[in-house]
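Trainee:
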Amino acid sequence: MFGIEFVPDDSVLKIGYMAKLAEDAGFQNIWITDHYNNRDVWTTLAVLSLMTNKIRLGTGVTNPYTRNAAITASSIASINELSGGRAILGIGPGDKATFDKMGIEWDKPLSRVKEAVLAIRAFLAREHIGAQGPKMLELAGSIADGVLINASHPDDFKFAVPVIRQGAEKAGRKPEDVQVCAYASFSANKDQAKAVNASKIVVAFIVAGSPENVLQRHGISMDEARMISDALAKYDFKSAMEAVTPRMTEVFSVSGNPQDCRARVDELLKTGVTQVVVGSPIGPNKESAIKLIGKQVIGR
Ligand code: F42
-18 MFGIEFVPDD
-8 SVLKIGYMAK
2 LAEDAGFQNI
12 WITDHYNNRD
22 VWTTLAVLSL
32 MTNKIRLGTG
42 VTNPYTRNAA
52 ITASSIASIN
62 ELSGGRAILG
72 IGPGDKATFD
82 KMGIEWDKPL
92 SRVKEAVLAI
102 RAFLAREHIG
112 AQGPKMLELA
122 GSIADGVLIN
132 ASHPDDFKFA
142 VPVIRQGAEK
152 AGRKPEDVQV
162 CAYASFSANK
172 DQAKAVNASK
182 IVVAFIVAGS
192 PENVLQRHGI
202 SMDEARMISD
212 ALAKYDFKSA
222 MEAVTPRMTE
232 VFSVSGNPQD
242 CRARVDELLK
252 TGVTQVVVGS
262 PIGPNKESAI
272 KLIGKQVIGR
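Residue numbers (this note's numbering): -18 to 281.
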């Protein structure tokens, strides 16, 4: 199964147009990110409900800090009604960097996510948790319908899938009841070099935000990562992109021509991934990339 992520950093109607393109290209799930500095996720999903017909529509992901759980339950129920039953709630602990800017304290994220899911569960079904840390993955395995993992490389799933399965088994559930979604940075273009180049800025942010154990898993040193975070802290995007190595784009994105992308998708599916989410940047040109992925990656 294929999903696609849209960051609502453009007019909501434009996102709606892209969403319809994605539906026609064969994607089955759209995930809209939730950050205060972009368009509002619920407004976006409302518009998408009216501009699409069959694709499922999810928050990818909201959090229990900026939005009270009862309000989130009401919002997702509204989208479910508006879309004719196509809504999926993705929820996670939230993004520390944006919380710092908003003056929100990130206290007890694991407990907060669990409490919110159980509270919302009292009203609804179909929940996906956005997780990376081992405890959060185990929690998702024990209580969620699926997990959205911000990763693009098979080794990250070889680590995560057994942890999720363990969480499911401990809770007396069947491991296959928990969907595993690879929320990947994706960049497709007929020209491999152009595709890789377009993924560099996204990869720079991922490297800067990755915990040390994840960098270590892929043989990336803290010094290499620090060069990037220092550049990003100074808004020096050019130096940050220059410091992105081929190894980094290989590890933290699915980028290349359609054949390269399809080969990586197949590797991901072998690890137990059930949905590949095509995330930012999608490609050097989003519109043509959506069509290309539809024909030459999903279509194969
Ligand atoms: N964040 C956003 O804000 N907006 C988005 O649109 C978004 C999209 C998204 C999509 C997929 C995805 O996988 C993640 C996404 N995120 C988004 C990021 C997400 O919200 C999280 O920041 C990200 O998943 C990283 O969280 P994590 O799973 O690594 O969990 C953190 C909190 C962590 O440290 N987890 C530890 C672990 O092992 O899992 C556990 C920490 C712990 O146990 N804490 C205790 C507790 O009770 O919470 C407290 C400990 C103490 O002593 O206080």
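By construction, the Cβ of each residue, glycine as well, lies at the ideal position given by its N, Cα and C atoms. Computed from a predicted model, the values in this text were never measured in an experiment.
For the structure I just gave you, are there three or more beta carbon pairs, one from the region 119 to 128 and one from the region 142 to 151, closer than 8 Å?
Mentor: Enough Cβ pairs lie closer than 8 Å, so yes.
Trainee: What is the residue span of the beta strand (DSSP E) that ALA163 lies within?
Mentor: Counting along the chain, the beta strand (DSSP E) containing ALA163 begins and ends at 160 to 169.
Trainee: With DSSP collapsed to three states, give me the class of PRO262.
Mentor: PRO262 falls in the strand class under three-state DSSP.
Trainee: For ASN10, report the span of its beta strand (DSSP E) as first-last.
Mentor: From DSSP, the beta strand (DSSP E) with ASN10 extends over 10 to 13.
Trainee: Please indicate yes or no: does the CB of GLN197 lie closer than 7 Å to some heavy atom of ligand 1?
Mentor: Checking the Cβ of GLN197 against ligand 1 gives no.
Trainee: Which one or two residues does DSSP pair with GLN256 in a beta bridge?
Mentor: Paired residues: CYS162.
Trainee: On the criterion of 16 or more Cβ atoms from any shown chain inside 10 Å, does MET83 qualify as buried, or is it exposed?
Mentor: Counting Cβ neighbours within 10 Å, MET83 comes out exposed, since fewer than 16 surround it.
Trainee: Excluding five sequence neighbours on each side, which residues of the same chain lie with their C-beta closer than 8 Å to the C-beta of PHE138?
Mentor: Correct list, in chain order: ILE130, ALA132, VAL161, ALA163, LEU249, THR252, GLY253 and VAL254.
Trainee: In this structure, how does DSSP classify SER64 when only helix, strand and coil are distinguished?
Mentor: In the structure shown, SER64 sits in coil (DSSP, three-state: anything other than H, G, I, E or B).
Trainee: Skipping 5 residues on each side, what residues in its chain have a beta carbon closer than 8 Å to that of MET203?
Mentor: Within the same chain, MET203 has close Cβ partners GLU193 and LEU196.
Trainee: Would you check if there are 3 or more beta carbon pairs closer than 8 Å linking the region 254 to 264 to the region 212 to 221?
Mentor: Output reads no: the region 212 to 221 does not touch the region 254 to 264.
Trainee: Quick check on DSSP: helix, strand or coil for GLU205?
Mentor: Helix.
Trainee: Report whether the distance from the Cβ of ALA112 to the nearest heavy atom of ligand 1 is below 7 Å.
Mentor: Result yes, Cβ under 7 Å from ligand 1.
Trainee: Which one of ASN170, GLU4 and THR24 has the shortest CA to CA distance from SER(-8)?
Mentor: The candidate whose alpha carbon is nearest that of SER(-8) is THR24.
Trainee: State yes or no: is the C-beta of PHE186 within less than 8 Å of the C-beta of SER236?
Mentor: For PHE186 and SER236, no; Cβs fall outside 8 Å.
Trainee: Label PHE104 either buried or exposed according to how many other C-beta atoms from any shown protein chain fall within 10 Å of its C-beta, with 16 as the threshold for buried.
Mentor: With fewer than 16 other Cβ atoms within 10 Å, it is exposed.
Trainee: Would you identify the three-state DSSP class for PHE140, choosing helix, strand or coil?
Mentor: Looking at PHE140 - three-state DSSP - the assignment turns out to be helix.
Trainee: Does ligand 1 have even one heavy atom less than 7 Å from the beta-carbon of LEU129?
Mentor: Yes.
Trainee: Between GLY71 and GLY41, which are expected to be in contact by the criterion C-beta below 8 Å, what is the C-beta distance as a whole number of angstroms?
Mentor: Rounded, the Cβ-Cβ distance is 5 Å, consistent with contact.
Trainee: Span of the beta strand (DSSP E) holding ARG37?
Mentor: From DSSP, the beta strand (DSSP E) with ARG37 extends over 37 to 40.
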